[in-house]
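Counting with the numbering used here, you get residues 26 to 468 for the letters of the sequence shown. Virtual Cβ for every residue (Gly too), placed ideally from N, Cα, C.
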Amino acid sequence: MIPNQWYPILRTEDIKQDAPTGVRRLGEELVLWRDLDGKLVCQSARCPHKGANLADGRLVGNSIACPYHGFRFNTEGTCRHVPALGADGRIPASLKIDTYEVREQHDLVWLWWGDKREVLPDIALARELAEHPRPYETITFSRPVHYTRYIESLLEFYHVTFVHRDHWANIIDYTFMYGSWRKLWLDGRERYIAANKIVNHRVDVEGTIIRNTFDQCEEGNPSNTWHFDLIYQAPCMTHVRQGLLEVTTWLVPIDEHNTQAIMRLYEYPLLKAMVPVKQLRPPILRLSLMMEQYVQDRQDNDIMARQEPKVSERGVNKFIAVDELNAKFLQMRDRLKAEARAAAEASAAAETPVVPVASGKQPGAAAAGPAAVQDQEAAPAPARAHGGADGSTKGSTGASADGSTNGNGKAPGSSNGSSNGNGSGDRRTRKGARAGGLSKTAP
Ligand code: FES
Ligand SMILES: [Fe+2]
């Protein structure tokens, strides 16, 4: 895993309003919840008492209560209430959980996975996405593959004519996308399968973004040529544009063996003309995404499941010239990991105070981010948030305000429904996500 990066870990709409939301990302069990002001809090889900998962607990006022013995932790991760010790019991200082930096942008929740910094970098998407004017829909699902193999598979498209050719959903694709009207689209399959030579291949690197443009064509038949634009942005974003199709997929490490895909499809220009009723277009996009999830992406994953080695890195593949984007991705991954390692070493040399690490973590992991820079990529802790409650969402733009189809505006002001059991007035209204988020049409 590449340290010192923002990783999208969930869609904003996946955050429950009145209960904790648990996820496993970057080798960590995390719990996310909103405080009474609607600010998003992200913490280690492992209860320091006896290791229960706090995501199974409940929200009580501005704290999260463990499902096992009801210990309550505030937005800064400090244990403030131990029912078994009573209201004036002495709570051990070691009863603390880590709080991590998260932000909400582009309808996604982003986790800073890296070293502790006073000022974190902005979440800056490639301009093609940042300036993208089209509405989109986003789905998410997990796969049992290493993120390097998954990213690789989306950073080349000359596998498509071999992997995606015989399923009925593929037949629909190639009939309409590749067929020629002169032959009433009946030549779709033939043209699709024949267009497998890569020409006009070009790769450009700009910071942590790599762009690749190429044409996929039928040898000797220039009329059967398809232009592709691919983008990789570290640590885990892929973007493809081909004809009508434009998809962004973030491949986020769950751990060393599993990856979460967050897949976003943009409205095709034609769809607006074909379906004038605006409300009908999101379901069509979602249907297309589900087709991708259950057909094409599954076909890719069937291949990945049997790839060896499971982790791709420099030296394990025999790349050909048109694999330049794959090669540059692996180079960039190595470079960013080396930079993180150097920064951690410089920080240690300068005797920067080491940030306390969560129990069971390797010393220095949180301060340096970067157990990830070790070869085994043992799961390091994301950096703890600065300044507790406020710091945990510092700089957040808030969830999307549109609330139209993504559910962000779901039940704002709904009761959290929980009771603290001691009448301390925690049965209060939990606000919805903060307004001011970005429109789904302007990520
Ligand atoms: S395990 Fe969490 S309170 Fe006991
Ligand atoms: Fe594929």
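Residue i versus residue j - alpha carbon distance
| i | j | result |
| --- | --- | --- |
| T430 | P307 | Because the pLDDT at T430 is just 32, under 50, the model does not fix this residue reliably, and the value given afterwards should be weighed accordingly. Taking the straight line from one Cα to the other gives about 8 Å. |
| K75 | A90 | 13 Å |
| L276 | H282 | 12 Å |
| I148 | T263 | 15 Å |
| F182 | I345 | 14 Å |
| R331 | G204 | 32 Å |
| R453 | T274 | Low confidence applies to R453: its pLDDT is 46, below 50, so where it sits in the model is not reliable, and the reading given next is rough at best. Cα to Cα, R453 sits roughly 38 Å from T274. |
| N225 | R236 | 13 Å |
| D253 | C242 | Residue identity check: residue 253 is Phe in the sequence provided, not Asp. Answer to the nearest angstrom: the Cα atoms are 11 Å apart. |
| L136 | P33 | 6 Å |
| V185 | A77 | 44 Å |
| V48 | E370 | 30 Å |
| C72 | Q42 | 21 Å |
| A373 | T100 | 29 Å |
| I279 | R50 | 4 Å |
| W206 | M329 | 35 Å |
| E271 | L355 | 24 Å |
| R360 | E215 | 42 Å |
| T37 | V127 | 11 Å |
| E231 | T46 | 36 Å |
| Y293 | L269 | 6 Å |
| S88 | F98 | 5 Å |
| H106 | L310 | 47 Å |
| V347 | R339 | 16 Å |
| E244 | A219 | 8 Å |
| N433 | E53 | Here the model assigns N433 a pLDDT of 34, short of 50, so the residue's position is not dependable, and the following value carries that caveat. Those two C-alpha atoms are separated by around 25 Å. |
| F201 | Y93 | 56 Å |
| T233 | M357 | 7 Å |
| A44 | A80 | 8 Å |
| I40 | G86 | 17 Å |
| E364 | I27 | 10 Å |
| L35 | N351 | 26 Å |
| K178 | R323 | According to the sequence displayed, residue 178 carries Ser and not Lys. One C-alpha to the other measures close to 12 Å. |
| M299 | S337 | 42 Å |
| N246 | Q267 | 19 Å |
| L209 | L295 | 19 Å |
| V320 | G102 | 42 Å |
| K64 | R83 | 16 Å |
| C104 | L154 | 41 Å |
| Q401 | V341 | Since pLDDT at Q401 reaches only 42, below the 50 mark, its modelled position is unreliable, and the value read off the structure follows with that caveat. The straight-line gap from Cα to Cα measures roughly 16 Å. |
| F239 | N249 | 14 Å |
| D327 | D132 | 30 Å |
| L211 | W251 | 18 Å |
According to DSSP, residues forming a beta bridge with residue i
| i | result |
| --- | --- |
| K276 | Note that residue 276 is Leu in the sequence shown, not Lys. DSSP output for L276 lists A286 as bridge partner(s). |
| Y291 | Y161 |
| F166 | A286 |
| C104 | F98 |
| Y32 | L136 |
| A118 | A118 is not bridged to any residue. |
| E271 | R266 |
| H252 | D240 |
| S88 | V85, N99 |
| R49 | E54 |
| C67 | L57, Y125 |
| Q258 | I234, M262 |
| Q130 | L133 |
8 Å contact criterion, which residue i and residue j should meet: CB distance rounded
| i | j | result |
| --- | --- | --- |
| K362 | R174 | Not really, about 17 Å apart at Cβ, beyond 8 Å. |
| V228 | K353 | 6 Å |
| Y291 | R159 | 4 Å |
| N29 | G139 | 3 Å |
| Y199 | Y217 | 4 Å |
CB contact below 9 Å: residue i versus chain C
| i | result |
| --- | --- |
| I279 | Judged by its chain identifiers, the structure shown contains no chain C, having just a single protein chain. |
Stretch-stretch touch, CB-based, cutoff 8 Å, three pairs: the segment 183-192 with the segment 250-264: Contact between the segment 183-192 and the segment 250-264 is absent, with fewer than three C-beta pairs closer than 8 Å.
Closer than 8 Å is the cut-off here; do at least three beta carbon pairs connect the segment 154-170 with the segment 54-64? With the cut-off at 8 Å, the segment 154-170 and the segment 54-64 do not touch.
At least three beta-carbon pairs within less than 8 Å, the segment 118-129 to the segment 59-73: Yes, the segment 118-129 touches the segment 59-73.
Runs of beta strand (DSSP E) lying entirely within the segment 180-242, each at least 3 residues, in chain order: The qualifying runs are 222-231.
For the pair the segment 304-318 and the segment 142-156, tell me if three or more CB-CB distances fall below 8 Å. Below 8 Å, too few C-beta pairs join the segment 304-318 and the segment 142-156 to call them touching: fewer than three.
Inside the segment 314-379 only - alpha helix (DSSP H) runs reaching at least 4 residues: 322-330, 349-374, all fully within the segment 314-379.
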